[in-house]
Amino acid sequence: MINKADVLLGLQWGDEGKGKIVDVLTPNYDIIARFQGGPNAGHTLEFNGIKHVLHTIPSGIFHPTAINVIGNGVVIDPVIFKKEIEALLKLGVDVKSKLLISTRAHLILPSHRLLDAASEAAKGKNKIGSTLKGIGPTYMDKTGRNGLRIGDIETNEFKEKYDTLVEKHKQILSFYNYEYNLQELEPIWFEAIEFLKQLQFSETEHYINSAIKDGKRVLAEGAQGSLLDVDFGSYPFVTSSNTICAGACNGLGIPPNKIGNVIGIFKAYCTRVGSGPFPTELENETGEKIRQIGKEFGSTTGRPRRTGWLDIPALKYAVMINGVTELMMMKADVLSNFENIEVCTHYNYNGKVIDYLPYNIDPSYLKPITVALKGWAEDLTAIDNKSKLPQTLLEYIQFIEKTVEIPISIVSVGPDRTQTIRMK
Ligand code: GDP
Ligand code: IMO
Ligand code: MG
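Pasting the structure below:
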């Protein structure tokens, strides 16, 4: 049998629990590789009573043997990255030998962050709700062919290239009439660049392809979620990269015919942080109850996450675009103590009932149609076996499997590594 890389990604608007599951699955893999996004991501892992939030570093870093790769599709802010690495070094994680960084990964400059803030301020009430990490402007410079990459750091022309790009940014900032102090930000950025030089820069596309050829097990880790994908998400309220499975091909250099399982992660309900349409949003007490029990506050920005019921047509859309072969349902424990759990199965779209996610999901065109399923009152957080799950939760799982037509292989019942139930 030909060896292939598996892909793990979020099927909703991010924060599905990807970090936890990558950490749980890492013992089955030799290499964990992030393929897109940057420090807009916040991937949370919990074990031995400690919580870790990773932004740029793949979620396999805490395991003793796995090699973690930051792929060419990722954008790196050296300052945030340095802090992340220092925190890991303090914990005794051998980051230097276990982490490879693609020479083709793009750098987020301090002026990219300023541009992000200026662009959001100019949009006013139409702002994207960006994490303000400079993600959009950095990917714009990548596709505009102006960007700086990790591989440039070791060249003699690095500072010159930096200055040229910053000059361009200054012109745009003055167009925005945006006040800033770049001099304050630059020294720590260059200090972080120096710090990065002790890490392993690598042509990771060669490394990963050789590993696949040699029978090594590779897991590609996505950031954000499919509904934030720049092509297929709720544009323009999206991030600036391809968060979908195809993103693992161009963000790591894995050919499409070398993709094996596609693991889709979703919450038992929905959340969204930032602006944009959210068909099943609950702007009421029920939504607040989910937010409080689920601790739905952003891992990167601390912003309250918007909450709502599970949206099946949106989930089916994400499954279709990604070619999902296996589902994992997170945060089932949060739904204990709801007498009824609603699930959106169809939409009313301009007066017509439809069962798919259309182009326009603006609330003035699209309303969710839900069915109510019976909830469960049992606390799930101490359950360690499928046989102990409440019957109504099993019915909820079966309902999703039947409508989405993909099996659910893991149900998560708490943030800790151990609170993970294998369904097969
Ligand atoms: P990611 O961005 O997809 O990695 O997800 P985040 O880490 O941003 O958000 C998921 C949050 O839910 C984190 O605080 C996790 O610790 C937490 N979490 C993950 N799985 C579960 C679960 O099954 N139950 C509960 N209650 N929390 C969970
Ligand atoms: P993880 O990997 C949830 C959202 C922002 C905003 C939009 C654009 O933790 O799931 P950006 O900073 O990318 O320009 O913001 O995307 N967003 C996320 N929401 N989880 C994330 O990552 C996100 N990364 C970006 O809130 O609405
Ligand atoms: Mg997150």
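For the sequence shown, the working numbering begins at -11 and goes up steadily by one.
For each residue, glycine too, the CB sits at the ideal point set by N, CA and C.
Taking K246 as the reference, give the member of K113, L207, P346, S118 with the closest Cα. Counted from its first residue, the sequence shown places residue 246 at position 258. Nearest to K246 by C-alpha distance, out of K113, L207, P346, S118, is L207.
Contacting residues, own chain, Cβ-Cβ under 6 Å from G264 (five flanking each side not counted): Taking the sequence shown and counting its residues from 1, the one referred to as residue 264 is at position 276. Excluding residues within five positions, the ones whose Cβ falls inside 6 Å are S222, F225.
Report yes if the C-beta of G30 is less than 7 Å from at least one heavy atom of ligand 3; otherwise report no. Position 42 of the sequence shown, counted from the first residue, corresponds to residue 30. Flag set: Cβ of G30 near ligand 3.
Heavy atom of ligand 3 less than 7 Å from the Cβ of D217, yes or no? Within the sequence shown, the letter at position 229 stands for residue 217. Residue side-chain check: D217 keeps its Cβ at 7 Å or more from all non-hydrogen atoms of ligand 3.
What residue range is occupied by the uninterrupted alpha helix (DSSP H) comprising H194? Against the sequence shown, residue 194 aligns to sequence position 206. Segment 192 to 201, the alpha helix (DSSP H) holding H194.
When DSSP labels each residue in this structure, what does A54 get in the three-state scheme? Numbered from its first residue, the sequence shown carries residue 54 at position 66. DSSP, read as helix, strand or coil, puts A54 in coil.
Which ranges would you report for the alpha helix (DSSP H) in the segment 267 to 336 if only whole runs of at least 4 residues count? 273 to 281, 300 to 310, all fully within the segment 267 to 336.
Ligand 2 heavy atoms versus the CB of K283: any closer than 7 Å? Within the sequence shown, numbered from 1, the residue matching residue 283 stands at position 295. Flag unset: Cβ of K283 not near ligand 2.
Short of 6 Å in beta carbon distance, which residues of its chain neighbour P125, apart from the five on each side in sequence? Order them along the chain. Counting from 1 along the sequence shown, the entry for residue 125 is found at position 137. The answer, listed in chain order, is H100, L103, D104.
Return the CA-CA distance between N36 and A75, expressed in angstroms with no decimal places. Start at 1 with the first residue of the sequence shown, and residue 36 comes out as number 48. Start at 1 with the first residue of the sequence shown, and residue 75 comes out as number 87. A direct Cα-Cα distance of roughly 17 Å separates N36 from A75.
Beta-ladder partner(s) of K362, from DSSP: Looking up residue 362 in the sequence shown gives position 374. DSSP output for K362 lists N328 as bridge partner(s).
Should G239 go down as buried or exposed, given a rule of 16 or more other Cβ atoms within 10 Å for buried? Residue 239 sits at position 251 when you count from the first residue of the sequence shown. G239 comes out buried.
Thinking C-alpha only, which one of I9, G363, T391 is nearest P378? Mapped onto the sequence shown, residue 378 falls at position 390. Comparing Cα-Cα distances from P378 to each of I9, G363, T391, the minimum goes to G363.
Rounded to whole angstroms, what is the Cα-Cα separation between T358 and D(-6)? On the sequence shown, residue 358 is found 370 positions in, with the first residue counted as 1. On the sequence shown, residue -6 is found 6 positions in, with the first residue counted as 1. Note on geometry: alpha-carbon atoms of T358 and D(-6) lie some 33 Å from one another.
If you run the structure through DSSP and keep just helix, strand and coil, what is F189? Taking the sequence shown and counting its residues from 1, the one referred to as residue 189 is at position 201. If DSSP states are grouped into helix, strand and coil, F189 belongs with the strands.
Spatial distance of D321 from R137 (CA atoms): Taking the sequence shown and counting its residues from 1, the one referred to as residue 321 is at position 333. Taking the sequence shown and counting its residues from 1, the one referred to as residue 137 is at position 149. The alpha-carbon separation between D321 and R137 amounts to approximately 42 Å.
What do you reckon, is the C-beta of W1 under 7 Å from a heavy atom of ligand 2? By 1-based counting over the sequence shown, the position of residue 1 is 13. Checking the Cβ of W1 against ligand 2 gives yes.
Let me know the secondary structure DSSP gives V(-5) once reduced to three states. The residue given as residue -5 occupies position 7 in the sequence shown. DSSP places V(-5) in strand when its eight states are reduced to three.
On the DSSP bridge assignment, give the partners of T414 in chain order. Any answer about residue 414 is impossible in this case: the structure gives the chain only from -11 up to 412.
So, at 8 Å on beta carbons, what are the nonlocal neighbours of T133 in its own chain, with the 5 sequence-adjacent residues on each side left out? As a position in the sequence shown, residue 133 is number 145, starting the count at 1. For the sequence presented, residue 133 should be read as Arg rather than Thr. Its chain contains no residue whose beta carbon lies nearer than 8 Å to that of R133 once the 5 sequence neighbours on both sides are disregarded.
Go ahead and label T406 buried or exposed: buried means 16 or more other beta carbons lie within 10 angstroms of its beta carbon, across all protein chains shown. In the sequence shown, the residue the question calls residue 406 occupies position 418. Looking at its Cβ environment, which holds fewer than 16 other Cβ atoms inside 10 Å, T406 is exposed.
Nearest-angstrom Cβ-Cβ length linking T231 and V57, presumed shorter than 8 Å: Working through the sequence shown from its first residue, we reach residue 231 at position 243. Working through the sequence shown from its first residue, we reach residue 57 at position 69. Between V57 and T231 the Cβ distance is about 18 Å, and since that is not below 8 Å, they are no contact.
Counting only the same chain and skipping the five closest in sequence on each side, list residues whose C-beta sits under 8 Å from that of W177. Position 189 of the sequence shown, counted from the start, is the residue given in the question as residue 177. Leaving aside the five residues that flank W177 on each side, the residues in its chain whose CB is nearer than 8 Å to its CB run, in chain order, P66, V67, L97, P98.
Can you tell me where the beta strand (DSSP E) holding F23 begins and where it ends? For the purposes of this step, residue 23 is taken as residue 35 along the sequence shown, with counting starting at 1. Annotation: F23 is outside any beta strand (DSSP E) and is labelled neither H nor E by DSSP.
So R410 is in the alpha helix (DSSP H); what residue range does that whole segment cover? As a working mapping, residue 410 is identified with position 422 in the sequence shown. Bounds of any alpha helix (DSSP H) do not take in R410; it lies within the beta strand (DSSP E) bounded by 408 to 410.
Run the proximity test for E413: is its beta-carbon closer than 7 Å to any non-hydrogen atom belonging to ligand 1? Lying before the first or after the last residue shown, residue 413 is absent from the chain, which here runs from -11 to 412.
C-alpha distance - T152 paired with G48, whole-angstrom precision: Walking along the sequence shown from the start, residue 152 turns up at place 164. Walking along the sequence shown from the start, residue 48 turns up at place 60. If I take the Cα positions, the gap works out to 37 Å.
Span separating the alpha-carbon of G286 from that of R293: Translated into the one-based positions of the sequence shown, residue 286 becomes position 298. Translated into the one-based positions of the sequence shown, residue 293 becomes position 305. The C-alpha of R293 is placed about 6 Å away from the C-alpha of G286.
T259 lies in the beta strand (DSSP E); which residues open and close that run? Counting from one through the sequence shown, the residue named residue 259 turns up at place 271. Looking at the DSSP string, the run of the beta strand (DSSP E) that includes T259 is 258 to 260.
What number of angstroms, rounded off, separates the C-alpha of I404 from the C-alpha of T391? Position 416 of the sequence shown, counted from the start, is the residue given in the question as residue 404. Position 403 of the sequence shown, counted from the start, is the residue given in the question as residue 391. Contrary to the premise, residue 404 reads as Asp rather than Ile in this sequence. Computed Cα separation, rounded: 29 Å.
Between F23 and G(-2), is the Cβ-Cβ spacing less than 8 Å? Position 35 of the sequence shown, counted from the start, is the residue given in the question as residue 23. Position 10 of the sequence shown, counted from the start, is the residue given in the question as residue -2. Using a Cβ distance threshold of 8 Å, F23 and G(-2) do not count as a contacting pair.
Based on the DSSP output, what are the partners of S208 in its beta bridges? For this step, residue 208 is matched to residue 220 along the sequence shown. Inspection of the sequence shows that residue 208 is occupied by Ala rather than by Ser. V(-5), A21.
Check whether the segment 342 to 350 touches the segment 270 to 286, counting contact only when three or more Cβ pairs, one atom from each stretch, lie closer than 8 Å. Segments in contact, no.
Residue nearest to E330 in terms of C-alpha spacing, selected from P356, S162, S397: For this step, residue 330 is matched to residue 342 along the sequence shown. Minimum Cα distance to E330 is reached at P356.
Which residue or residues does DSSP assign as beta-bridge partners of G252? Stepping through the sequence shown from its first residue, residue 252 is reached at position 264. Paired residues: L(-3), L315.
Would the beta-carbon of S214 fall within 8 Å of that of E314? Your numbering for residue 214 matches position 226 in the sequence shown. Your numbering for residue 314 matches position 326 in the sequence shown. Cβ distance not < 8 Å, so S214 and E314 don't count as in contact.
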